[in-house]
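What follows is a set of notes on a single structure, which appears directly below.
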Amino acid sequence: MANMFDENGNYNKTEWKPGDRITAGKLNKIEESLEAINNNDIERHKEADERLDALEEQKEAVEERFDELEDLVADNKSEVDTAIYEVHSKMDRLEQEMNDGIDEVHNVAETVDGKIAEVNEVADEMEGLLNETKAFTTNVKTEIGTATANAKTEIGTATENGLTELEDLIKVFDMEEVYKKVDGSLDDMETMVAEVESELEETHNKTCSFVNIMEFGAKMNDETFMNDSVFAEALKYCAENKKKLILPRGTFYISEPIILNGVDIEGYVTTITIRNDNAPYVMYGESLNNFKLTGLHLVGNRKNYSEGNAVTTDGLYLKGCSYITVEECRFIDCSNGFRGYGTYCGEIRRCTAVRSQSYAFHCTNSCTSLKFDTCVAWGCGGGFRFTSSVYMTIINPANDHNSAGGYAKDPWLPQGSGGNYLNPSPIYHFTGTQVSIISSGTENAFSPLIYMEGSNVVMTNPYFWKSDCYAETFRFINIVGDKSSSLDIFNPTFTDITNHKGVYYTRTGISVERPEIQKVRSNVYFSVSDAFGEYDMYNKDAMSVNNSKYIYDFSEYTLFENQIIPFISSLEDRVTVIKKTDRNVINIPSVKGAYYLPLPSGVLRFKTVGYYASSKEVANLSIISKDSNGNEIVLHGFQNNGEMIDHDTLLKLPAQTGIKYYFKVNQTYNGNTIQFSRLLVVAIGM
Numbered sequence: 002m003a004n005m006f007d008e009n010g011n012y013n014k015t016e017w018k019p020g021d022r023i024t025a026g027k028l029n030k031i032e033e034s035l036e037a038i039n040n041n042d043i044e045r046h047k048e049a050d051e052r053l054d055a056l057e058e059q060k061e062a063v064e065e066r067f068d069e070l071e072d073l074v075a076d077n078k079s080e081v082d083t084a085i086y087e088v089h090s091k092m093d094r095l096e097q098e099m100n101d102g103i104d105e106v107h108n109v110a111e112t113v114d115g116k117i118a119e120v121n122e123v124a125d126e127m128e129g130l131l132n133e134t135k136a137f138t139t140n141v142k143t144e145i146g147t148a149t150a151n152a153k154t155e156i157g158t159a160t161e162n163g164l165t166e167l168e169d170l171i172k173v174f175d176m177e178e179v180y181k182k183v184d185g186s187l188d189d190m191e192t193m194v195a196e197v198e199s200e201l202e203e204t205h206n207k208t209c210s211f212v213n214i215m216e217f218g219a220k221m222n223d224e225t226f227m228n229d230s231v232f233a234e235a236l237k238y239c240a241e242n243k244k245k246l247i248l249p250r251g252t253f254y255i256s257e258p259i260i261l262n263g264v265d266i267e268g269y270v271t272t273i274t275i276r277n278d279n280a281p282y283v284m285y286g287e288s289l290n291n292f293k294l295t296g297l298h299l300v301g302n303r304k305n306y307s308e309g310n311a312v313t314t315d316g317l318y319l320k321g322c323s324y325i326t327v328e329e330c331r332f333i334d335c336s337n338g339f340r341g342y343g344t345y346c347g348e349i350r351r352c353t354a355v356r357s358q359s360y361a362f363h364c365t366n367s368c369t370s371l372k373f374d375t376c377v378a379w380g381c382g383g384g385f386r387f388t389s390s391v392y393m394t395i396i397n398p399a400n401d402h403n404s405a406g407g408y409a410k411d412p413w414l415p416q417g418s419g420g421n422y423l424n425p426s427p428i429y430h431f432t433g434t435q436v437s438i439i440s441s442g443t444e445n446a447f448s449p450l451i452y453m454e455g456s457n458v459v460m461t462n463p464y465f466w467k468s469d470c471y472a473e474t475f476r477f478i479n480i481v482g483d484k485s486s487s488l489d490i491f492n493p494t495f496t497d498i499t500n501h502k503g504v505y506y507t508r509t510g511i512s513v514e515r516p517e518i519q520k521v522r523s524n525v526y527f528s529v530s531d532a533f534g535e536y537d538m539y540n541k542d543a544m545s546v547n548n549s550k551y552i553y554d555f556s557e558y559t560l561f562e563n564q565i566i567p568f569i570s571s572l573e574d575r576v577t578v579i580k581k582t583d584r585n586v587i588n589i590p591s592v593k594g595a596y597y598l599p600l601p602s603g604v605l606r607f608k609t610v611g612y613y614a615s616s617k618e619v620a621n622l623s624i625i626s627k628d629s630n631g632n633e634i635v636l637h638g639f640q641n642n643g644e645m646i647d648h649d650t651l652l653k654l655p656a657q658t659g660i661k662y663y664f665k666v667n668q669t670y671n672g673n674t675i676q677f678s679r680l681l682v683v684a685i686g687m
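Residue numbers (the numbering used here): 2 to 687.
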């Protein structure tokens, strides 16, 4: 037995003894059986791994399908999320069961590997026994046979059980069945999505505060489609459901005015153009309260200036409305841009009227407590016209190219501005109105500033630059009528006002028809323009300046007999007060000579009323300056009207070193009579 194997470990047949061949054959069969068992188990192990890989691929397919489902229902409500959660829960349970099965298969494989290792150990022991002694061959054979039989039995049983369990797991993970369940869940989820969408739409209708007019079939930028019925339907719906109406950016055409019903309307630079030459307005509201209009451009029926000025359409007409807000709207090519009639308690903010033929903003019939904030009149006839309206406020208004209609260099050509430069409307036209105007700005206008009748106006910081007068009648500030009026102006600035028609009494800077009841008051002295010459004058009784200082104020009510009046003269005779019939008058001595009444420098109002009698010439009255050497310069001369002396003017006497100013009365002949019943000198500015 010692020489049974050669030096390489192979059987050495030449050295075999009787019985060795049988033993070798047995050993070869054992090795072949072990190799067959090992190969068979490996193949079965591979098959199990392949089945597991297939299961993994199917699992990934299911997960991808569920990912798609999750994307499909990501935007739905909690009901859909609940359904997905349930499906995920089922998948988690199935995955756990599959993992448990995989663990069991792995355990079986480990068991097979362990048995194979045991067989290999037995084989190694047998080979060791064969090397030691032949006597143990029978026992080794018996043990090997027994171990082999047991190993086959155990391996077969374990393998069969593992395959059975694996097949059971595969049945559990039958993908067709899973797909059927998933498809059923999808059908359920689609039903739930439809229900959720329906509920969302219903919720939107109940809770959303606005609705878009396009939902009612409106058409934009289509001149062939009139949206009249669309606006009526949308406004009715919004009123019934308490919603705001939204208008997107674009142009809507209508053939009849839009009738408001108290619904808030919000546009986004939205143009509404009316195609009706006889329409009275683009948008109209009556007896409405507490509503807001925003971002609308209302276009009327005004044609080019060359085609005539027959304009009937106002932009927005509100009658008897209250607590209104009109914001960031434009009124284009209308008669009046905004029109209020008996409307009260409201704000018109950041609105612009463009090329209104008449006025940009026009209020009548007891409009009350309306505030116009940062509104613009651009190329309109006039700016603001209020009649029988009180507690009105205009803040930061801007007026540009007013009444430029017909002018050859009108910047709005060929469309043309509103108004008529030869017969201009004023920037502000007030009748029976109480109004405050703050920081008004006007430029490039052909219009006068203001027309007033029976009104009280406070104007703060008005700025007026570049006005051109081409009209036969032009009164920059004009107060008329038989009712009391007052215009209070604070810090005015009037520059570059040109009179292209020349000096004439119908073209004046300031005109006050009845100064006893109509007043112009200011905190500073101001002048409109030298372009009006002597007609930049008015009855100074109508004009007063805050902090004015009375230098002389002699009248029949303040003069008393024998009173000395401070005229200076080289003559011994003094200027005194004498009694004449029923009144006291200042009497200039009838002795040939000059009499001087000292005047201060500055801006003065100078007024004289008196009587002159002479067979020689008219009265010689003047305002002079005199230097330290006694040299005189006549600054202003007065002419009497027959026997009457009546002068009222403003004087500008600049302060100069060594220069003094006087009112000079020169008696050129003895026996002349010069008497004054009124002598007023008021310093109204420096």
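Ideal Cβ positions, reconstructed from N, Cα and C, are used throughout, including at glycine. As the structure is a computational prediction, the values presented were derived from the model and not from experiment.
Taking DSSP as the reference, what is the three-state secondary structure of Asp469?
On the sequence shown, position 468 is the one that residue 469 refers to. In the three-state DSSP reduction, Asp469 falls in the strand class (E or B).
Under DSSP, the beta strand (DSSP E) around Ala614 begins and ends at which residues?
By 1-based counting over the sequence shown, the position of residue 614 is 613. Residues Gly603 to Ala614.
Which class does Cys381 belong to by DSSP, given the choice of helix, strand or coil?
By 1-based counting over the sequence shown, the position of residue 381 is 380. The answer is coil: DSSP assigns Cys381 none of H, G, I, E or B.
List the whole-angstrom C-beta distance separating Ser602 from Tyr662, where the pair is believed to meet the contact cut-off of C-beta under 8 Å.
Position 601 of the sequence shown, counted from the start, is the residue given in the question as residue 602. Position 661 of the sequence shown, counted from the start, is the residue given in the question as residue 662. Yes, Ser602 and Tyr662 are in contact; Cβ-Cβ is about 6 Å, under 8 Å.
Terminal residues of the continuous beta strand (DSSP E) containing Leu236?
The residue labelled residue 236 in the question sits at position 235 within the sequence shown. Here Leu236 belongs to no beta strand (DSSP E); instead the alpha helix (DSSP H) covers Asp229 to Asn242.
Going by C-alpha to C-alpha distance, which of Ser389, Pro398, Phe373 and His402 sits closest to Cys381?
Taking the sequence shown and counting its residues from 1, one reaches residue 381 at position 380. Closest by alpha carbon: His402.
Does the distance from the CB of Ile675 to the CB of Val682 come in under 8 Å?
Residue 675 sits at position 674 when you count from the first residue of the sequence shown. Residue 682 sits at position 681 when you count from the first residue of the sequence shown. No. Outside cutoff.
According to DSSP, Met393 sits in a beta bridge with which residue or residues?
Against the sequence shown, residue 393 aligns to sequence position 392. For Met393, which the question treats as bridged, DSSP gives the partners Val436.
Grab the span of the beta strand (DSSP E) containing Leu319 for me, first residue to last.
Here the question's residue 319 lines up with position 318 in the sequence shown. Where Leu319 is concerned, the enclosing beta strand (DSSP E) stretches over Asp315 to Lys320.
Determine, using beta carbons only, whether Val327 comes closer than 8 Å to chain B.
The question asks about chain B, but that chain is absent: this structure has only one protein chain.
Buried or exposed for Tyr254, going by 16 or more other Cβ atoms inside 10 Å?
Here residue 254 corresponds to residue number 253 of the sequence shown, with the count starting at 1. Buried is the call here.
Can you tell which of Asn524, Phe332, Asn424 and Pro567 has the C-alpha that lies nearest to the C-alpha of Arg356?
Locating residue 356 in the sequence shown gives position 355, where the first residue counts as 1. That would be Phe332, whose Cα lies nearest to the Cα of Arg356.
Quick one: what does DSSP say Asp647 is sitting in, helix, strand or coil?
Looking up residue 647 in the sequence shown gives position 646. Reduced to three states, the DSSP call for Asp647 is strand.
If you draw a straight line from the alpha carbon of Phe477 to that of Tyr408, how long is it in whole angstroms?
As a first step, residue 477 must be located in the sequence shown, where it is residue number 476. As a first step, residue 408 must be located in the sequence shown, where it is residue number 407. One C-alpha to the other measures close to 19 Å.
Give the DSSP-derived three-state secondary structure of Lys47 in the structure shown.
For the purposes of this step, residue 47 is taken as residue 46 along the sequence shown, with counting starting at 1. In the structure shown, Lys47 sits in a helix (DSSP, three-state: H, G or I).
In the DSSP output, which residue or residues are listed as bridge partners for Phe527?
Position 526 of the sequence shown holds residue 527. The partner list for Phe527 (beta bridge, DSSP) is empty, contrary to what the question assumes.
Ordered along the chain, which non-local residues of its own chain (more than five positions away) have a Cβ less than 6 Å from that of Ser487?
Stepping through the sequence shown from its first residue, residue 487 is reached at position 486. Apart from the 5 residues on each side of it in sequence, Ser487 sits with its Cβ closer than 6 Å to the Cβ of Asn457 and Lys520 in its chain, given in chain order.
Roughly how far, in whole angstroms, is the beta-carbon of Phe447 from the beta-carbon of Pro412, given that I think they are within contact range, below 8 Å?
As a first step, residue 447 must be located in the sequence shown, where it is residue number 446. As a first step, residue 412 must be located in the sequence shown, where it is residue number 411. In fact, because the Cβ distance is near 12 Å, the residues do not count as touching under 8 Å.
Give the secondary structure of Arg52 by DSSP, where H, G and I count as helix, E and B as strand, and everything else as coil.
Taking the sequence shown and counting its residues from 1, one reaches residue 52 at position 51. In the structure shown, Arg52 sits in a helix (DSSP, three-state: H, G or I).
In or out: Asp315 buried (at least 16 other Cβ within 10 Å) or exposed?
As a working mapping, residue 315 is identified with position 314 in the sequence shown. Buried, because 16 or more other Cβ atoms sit within 10 Å of the Cβ of Asp315.
Name, in chain order, the residues that DSSP records as bridge partners for Tyr282.
If you number the sequence shown from 1, residue 282 lands on position 281. Answer is Asp315, bridged to Tyr282.
How many angstroms separate the CA atom of Ile259 from the CA atom of Pro449?
The residue labelled residue 259 in the question sits at position 258 within the sequence shown. The residue labelled residue 449 in the question sits at position 448 within the sequence shown. So the two alpha carbons sit approximately 35 Å from each other.
Sorry if obvious, but does the Cβ on Gly251 come closer than 7 Å to a heavy atom of the ligand ATP?
Although the ligand ATP was asked about, the structure shown includes no ligands whatsoever.
Using the DSSP secondary-structure output, state which residues sit across from His430 in a beta bridge.
Counted from its first residue, the sequence shown places residue 430 at position 429. Bridge partners of His430: Arg386 and Tyr452.
For Val377 versus Thr353, is the C-beta spacing smaller than 8 Å?
In the sequence shown, counting from the first residue as 1, residue 377 sits at position 376. In the sequence shown, counting from the first residue as 1, residue 353 sits at position 352. In contact: Val377 and Thr353 (Cβ atoms closer than 8 Å).
By the 10 Å Cβ neighbour count, where 16 or more other Cβ atoms means buried, how is Glu454 classified, buried or exposed?
Position 453 of the sequence shown, counting from 1, holds the residue named residue 454. Result: buried.
For Ile439, which residues in the same chain have their Cβ closer than 6 Å to its Cβ, ignoring the five residues on either side in sequence?
The residue you call residue 439 lines up with position 438 of the sequence shown. Cβ within range, chain order: Ile396 and Thr461.
Closest by CA to Trp379, which one among Thr650, Gln358 and Asn302?
The sequence position of residue 379 within the sequence shown is 378, counting from 1. If we check each option's Cα against that of Trp379, Gln358 comes out closest.
Consult DSSP for Glu573 and reduce its assignment to one of helix, strand or coil.
Position 572 of the sequence shown holds residue 573. In the structure shown, Glu573 adopts coil according to DSSP, grouped into three states.
Could you tell me the distance, in whole angstroms, from the CA atom of Thr134 to the CA atom of Glu58?
Residue numbering aside, residue 134 sits at position 133 when the sequence shown is read from its first letter. Residue numbering aside, residue 58 sits at position 57 when the sequence shown is read from its first letter. For Thr134, the predicted model reports a pLDDT of 49, less than 50, meaning its position is unreliable and no value from the coordinates is stated.
For Trp247 and Gly347, what's the separation of their Cα atoms in angstroms?
Start at 1 with the first residue of the sequence shown, and residue 247 comes out as number 246. Start at 1 with the first residue of the sequence shown, and residue 347 comes out as number 346. The question names Trp, yet the displayed sequence has Ile at residue 247. Their backbone Cα atoms lie some 22 Å apart in a straight line.
Tell me, to the nearest whole angstrom, how far the beta carbon of Asn1 is from that of Ala280; I am working on the premise that it is less than 8 Å.
Given a span of 2 to 687 for the chain in the structure shown, any question on residue 1 remains unanswerable.
Could you give the C-beta distance for Phe292 and Val264, rounded to a whole number, given that I count them as a contact under 8 Å?
If you number the sequence shown from 1, residue 292 lands on position 291. If you number the sequence shown from 1, residue 264 lands on position 263. Yes, Phe292 and Val264 are in contact; Cβ-Cβ is about 7 Å, under 8 Å.
Taking the alpha-carbon positions, what's the Leu654 to Tyr596 distance?
Residue mapping note: residue 654 aligns to position 653 of the sequence shown, counting from 1. Residue mapping note: residue 596 aligns to position 595 of the sequence shown, counting from 1. Rounded to the nearest angstrom, the two C-alpha atoms are 19 Å apart.
Classify Gln657 as helix, strand or coil using the three-state DSSP reduction.
The sequence position of residue 657 within the sequence shown is 656, counting from 1. In the structure shown, Gln657 sits in coil (DSSP, three-state: anything other than H, G, I, E or B).
Within 10 Å of its beta-carbon, does Met284 have 16 or more other beta-carbons around it, so buried, or fewer, so exposed?
Counted from its first residue, the sequence shown places residue 284 at position 283. So Met284 ends up on the buried side.
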